[in-house]
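Following the numbering used here, the numbering of the sequence shown begins with 48 at its first residue and continues without gaps.
These notes concern the structure reproduced below.
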Amino acid sequence: MLYIIFGIFSLTFTYLGHVCLNTAAERQVKRIRNRLFESIIRQDMSFFDRRTPGELNSIITENLGLVKTAIGYKVSDFISMVGRGLGCTLLAMIVAWRFSIVFLAITPFMVISSMFTIIMIKKYTVSEFQSYSFAGRVAQEVLSSIRTVISLGMQKSFIRVYERNLQAAEKMATKKGLLSGVFSGVTNGLFNLCFAIGIYYATYLARVDCDTYNPGNLMLSFFAIVTTTFALGQALPFLKDLSEARGAATDVFSLIDRQSQIDVFKSKGIKETKLRGEIEFQNVQFSYPTRE
């Protein structure tokens with residue numbers, strides 16, 4: 048009955064955490080996106096000479112996506128996983144501390160292996176999607192200007208560019224499969240090693256001190272430590288997501304805070320009330336900022 052109550056509490060608070068944090072993240076990202084788009088629109092032409100439309104679109108979509116991930120439901124998952132790990136460790140130490148200490152010596156290696164597995168899979172998945180995205184942009188540009196491409200006879204050159212991006216995606220997918228297989232194998236090997244050590248040491252403790260270390264306490268301690276390992280392994284990659292979101296937020300808020308030299312939304316400045324419609328330019332010099 049106690050485990051059923053714990054399960055109901057876990058289900059309820061996990062649901063509330065996801066709903067509340069996702070709702071808050073959506074509202075905050077919506078406000079940030081509106082402010083960001085307004086700040087980009089009010090910039091002068093020299094700004095757009097330095098920043099390409101693709102770069103600005105990437106900041107609006109990808110950077111804000113990283114920010115949303117860092118302030119969304121993953122916060123509740125991180126708190127839940129860390130709390131689960133600490134709680135299970137405390138339970139294991141209370142029930143069978145001598146048995147738990149042996150596992151705690153190996154647990155950091157399992158946590159690190161699980162963490163690297165998740166990080167590598169995510170890293171190369173993102174890189175793979177970016178390569179496919181670049182290939183998609185090439186295809187979009189070619190198809191939108193297909194008349195110009197055919198008139199200039201550039202079909203083969205664009206095919207080579209498209210193939211290079213696909214080859215980059217293939218390389219990323221291969222690396223992802225290789226590294227995820229290596230780290231998954233290491234994790235499973237360490238788990239089997241812990242299981243073997245646990246069986247051996249549990250048998251020893253049950254013989255020398257069967258009153259304190261009975262089979263029930265030993266099994267409870269074993270599964271508590273295993274739960275701690277996988278909980279911390281799933282929680283630690285969030286720190287990487289948080290650091291990436293901080294870096295992405297720097298670009299976002301620097302654009303929001305940027306003041307344009309020619310701001311069309313401002314009402315201050317010199318306003319001419321009498322215009323004759325005759326314009327004469329004298330001693331005017333002009334050049335694009337990137338070509339000065």
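C-beta: ideal position from N, C-alpha, C; glycine also.
Using the beta-carbon count (16 or more within 10 Å), is residue i buried or exposed?
i, result
"glycine 280", "buried"
"cysteine 241", "buried"
"phenylalanine 95", "exposed"
"tyrosine 171", "buried"
"tyrosine 50", "exposed"
"leucine 283", "buried"
"serine 204", "exposed"
Below 8 Å on the Cβ atoms is my guess for residue i versus residue j; work out the distance and round it to an integer in Å.
i, j, result
"lysine 139", "alanine 271", "The amino acid occupying residue 139 in the given sequence is alanine; lysine does not appear at that position. The Cβ separation is near 4 Å, so the contact holds."
"lysine 223", "isoleucine 168", "6 Å"
"valine 118", "glutamine 75", "Before going on, a small fix: residue 118 reads as isoleucine here, not valine. Between glutamine 75 and isoleucine 118 the Cβ distance is about 6 Å, and since that is below 8 Å, they are a contact."
"threonine 164", "threonine 234", "6 Å"
"leucine 213", "alanine 182", "6 Å"
"tyrosine 248", "valine 129", "About 27 Å separates the two Cβ atoms, so there is no contact after all."
"serine 178", "phenylalanine 277", "That pair is no contact at about 31 Å."
Might you give, ordered along the chain, the residues of its own chain that have their beta carbon closer than 7 Å to the beta carbon of residue i, omitting 5 neighbours on each side?
i, result
"serine 147", "Ala139, Met140, Ser268, Ile272"
"serine 174", "Met219"
"valine 142", "Asn264, Leu267, Ser268"
"arginine 80", "Ile107, Leu111"
Determine the DSSP secondary structure at residue i, reduced to helix, strand or coil.
i, result
"threonine 154", "helix"
"methionine 365", "Coverage of the chain is limited to positions 48 through 339, which leaves residue 365 absent and any answer about it impossible."
"aspartate 258", "coil"
"aspartate 298", "helix"
"lysine 313", "coil"
"glutamate 188", "helix"
"leucine 226", "helix"
"phenylalanine 328", "coil"
"threonine 172", "helix"
"lysine 218", "helix"
For residue i, which residues of its own chain have a beta-carbon under 8 Å away from its beta-carbon, when the five flanking residues on both sides are left out?
i, result
"valine 299", "Ile79, Leu83, Ile106, Asn110, Leu111, Val114"
Tell me which same chain residues have a C-beta within less than 6 Å of the C-beta of residue i, skipping the five on either side of it?
i, result
"cysteine 135", "Ala271, Thr274, Thr275"
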